[in-house]
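Q: Sharing a structure with you now.
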Amino acid sequence: MIYRFRVILDADDDVFRDIEMLQEGTLEDLHNSIVQSFGFDGTEMASFYLSDDKWTQGEEIHQFDMSGNDSTIRLMNETTLDSILSASQTKMIYVYDFLTMWTFFVELAQITEPEEGRDYPNLMYVHGQLPDAAPEKEFVGESDELNGDFDDDFDTDDYDDLSFDENWN
Numbered sequence: 001m002i003y004r005f006r007v008i009l010d011a012d013d014d015v016f017r018d019i020e021m022l023q024e025g026t027l028e029d030l031h032n033s034i035v036q037s038f039g040f041d042g043t044e045m046a047s048f049y050l051s052d053d054k055w056t057q058g059e060e061i062h063q064f065d066m067s068g069n070d071s072t073i074r075l076m077n078e079t080t081l082d083s084i085l086s087a088s089q090t091k092m093i094y095v096y097d098f099l100t101m102w103t104f105f106v107e108l109a110q111i112t113e114p115e116e117g118r119d120y121p122n123l124m125y126v127h128g129q130l131p132d133a134a135p136e137k138e139f140v141g142e143s144d145e146l147n148g149d150f151d152d153d154f155d156t157d158d159y160d161d162l163s164f165d166e167n168w169n
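The numbering of the sequence shown is the UniProt record's numbering, which starts it at 1 and goes up by one.
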């Protein structure tokens, strides 16, 4: 089977690519297709995040294992598309370059039969130009409840009134 994806840059202007992949391909294959189709050089780290219908960021699937011995993390090169995506689970978030945070919405748009004579992955459609710099992001928490407990009159330069022993170490 063939998975048809629409990969949309999280920006005000419409910038997206439609990519076809074999269902048994890996997330690393999809990562490489995204990098090539948007013209990145591929030297930056990236991750996929599973997502729900509201594009809530879920479990991270890493490009490299930098955890040491944590066997619970999932890696792109070990995760096949058909192991995480289906007709009911269609959305992921893709982040390329953690310094600039190029963020893309990746949606499985269609599952179809392969076309004879076509090579996969296949870049089907290109729309829009990638801007020179990643779109600005505003990072906000889910709730402002903690902000209510913050003492606005707290002076970070006044150490005399802090309630700890000066010989604490």
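Glycine included, C-beta positions come from ideal geometry on N, C-alpha and C.
For clarity, every value in this text was computed on a predicted model and none was experimentally measured.
1) For MET76 versus LEU27, is the C-beta distance shorter than 8 Å?
2) Go ahead and pull the three-state DSSP assignment for GLN89.
3) From the DSSP secondary-structure annotation, give me the bridge partner or partners of ASP18.
4) Express the C-alpha separation of GLN23 and LEU81 in angstroms, rounding to a whole number.
5) Would you mind stating whether MET101 and ALA133 have Cβ atoms separated by less than 8 Å?
6) Roughly how many angstroms lie between the CA atoms of GLU107 and ASP53, to the nearest whole one?
7) Between the alpha carbons of ILE93 and VAL35, how many angstroms are there, rounded?
8) Which term fits MET45, buried or exposed, when burial requires 16 or more other beta carbons within 10 angstroms of its beta carbon?
9) Per DSSP, ASP46 forms a beta bridge with which residues?
10) LEU51 by DSSP, collapsed to three states: which one?
11) For PHE38, which of helix, strand or coil comes out of DSSP?
12) If you draw a straight line from the alpha carbon of SER51 to that of PRO121, how long is it in whole angstroms?
13) If I measure Cβ to Cβ from ALA11 and keep anything under 6 Å in the same chain, skipping five residues before and after, which residues do I get?
14) What are the partner residues of PHE64, as DSSP defines its beta bridges?
15) Between GLY128 and ASP41, how many whole angstroms is the CB-CB distance? I'm expecting something under 8 Å.
16) Classify ILE84 as helix, strand or coil using the three-state DSSP reduction.
17) In the DSSP output, which residue or residues are listed as bridge partners for ILE111?
18) Look at the alpha carbon of GLY58 and the alpha carbon of TYR49, and state the distance between them as a whole number of angstroms.
A: Quick answer:
1) By 1-based counting over the sequence shown, the position of residue 76 is 76. By 1-based counting over the sequence shown, the position of residue 27 is 27. Yes, these two residues count as a Cβ contact at 8 Å.
2) Numbered from its first residue, the sequence shown carries residue 89 at position 89. DSSP places GLN89 in coil when its eight states are reduced to three.
3) Taking the sequence shown and counting its residues from 1, the one referred to as residue 18 is at position 18. ARG6, TYR125.
4) Sequence index remark: in the sequence shown, residue 81 carries index 81 (1-based). Sequence index remark: in the sequence shown, residue 23 carries index 23 (1-based). Straight-line Cα distance between these residues: approximately 6 Å.
5) The residue given as residue 101 occupies position 101 in the sequence shown. The residue given as residue 133 occupies position 133 in the sequence shown. For MET101 and ALA133, no; Cβs fall outside 8 Å.
6) Looking up residue 107 in the sequence shown gives position 107. Looking up residue 53 in the sequence shown gives position 53. In a straight line, the C-alpha of GLU107 is about 10 Å away from that of ASP53.
7) Numbered from its first residue, the sequence shown carries residue 93 at position 93. Numbered from its first residue, the sequence shown carries residue 35 at position 35. Near 14 Å, if we compare the C-alpha coordinates of VAL35 and ILE93.
8) As a working note, residue 45 is residue 45 in the sequence shown. Burial call: exposed.
9) Reading the sequence shown from its first residue, position 46 is the one you call residue 46. Here residue 46 is Ala; the residue named in the question, Asp, does not match the sequence. The partner list for ALA46 (beta bridge, DSSP) reads TYR96.
10) As a first step, residue 51 is located in the sequence shown; it is residue number 51 there, counting from the start. It is Ser, not Leu, that sits at residue 51 in the sequence shown. Note: SER51 maps to strand in three-state DSSP.
11) Numbered from its first residue, the sequence shown carries residue 38 at position 38. Of the three classes helix, strand and coil, the one that applies to PHE38 here is helix, per DSSP.
12) Locating residue 51 in the sequence shown gives position 51, counting from the first residue. Locating residue 121 in the sequence shown gives position 121, counting from the first residue. When rounded, the separation of the alpha-carbon atoms in SER51 and PRO121 is 23 Å.
13) Residue numbering aside, residue 11 sits at position 11 when the sequence shown is read from its first letter. Only PRO135 meet the Cβ criterion.
14) Counting from 1 along the sequence shown, the entry for residue 64 is found at position 64. Per DSSP, none; premise fails for PHE64.
15) For the purposes of this step, residue 128 is identified with residue 128 of the sequence shown, where counting begins at 1. For the purposes of this step, residue 41 is identified with residue 41 of the sequence shown, where counting begins at 1. About 19 Å separates the two Cβ atoms, so there is no contact after all.
16) Your numbering for residue 84 matches position 84 in the sequence shown. In the displayed model, ILE84 falls within a helix according to three-state DSSP.
17) Locating residue 111 in the sequence shown gives position 111, where the first residue counts as 1. TYR3.
18) Along the sequence shown, one-based indexing puts residue 58 at 58. Along the sequence shown, one-based indexing puts residue 49 at 49. Using only the alpha carbons, I get a separation of about 6 Å.
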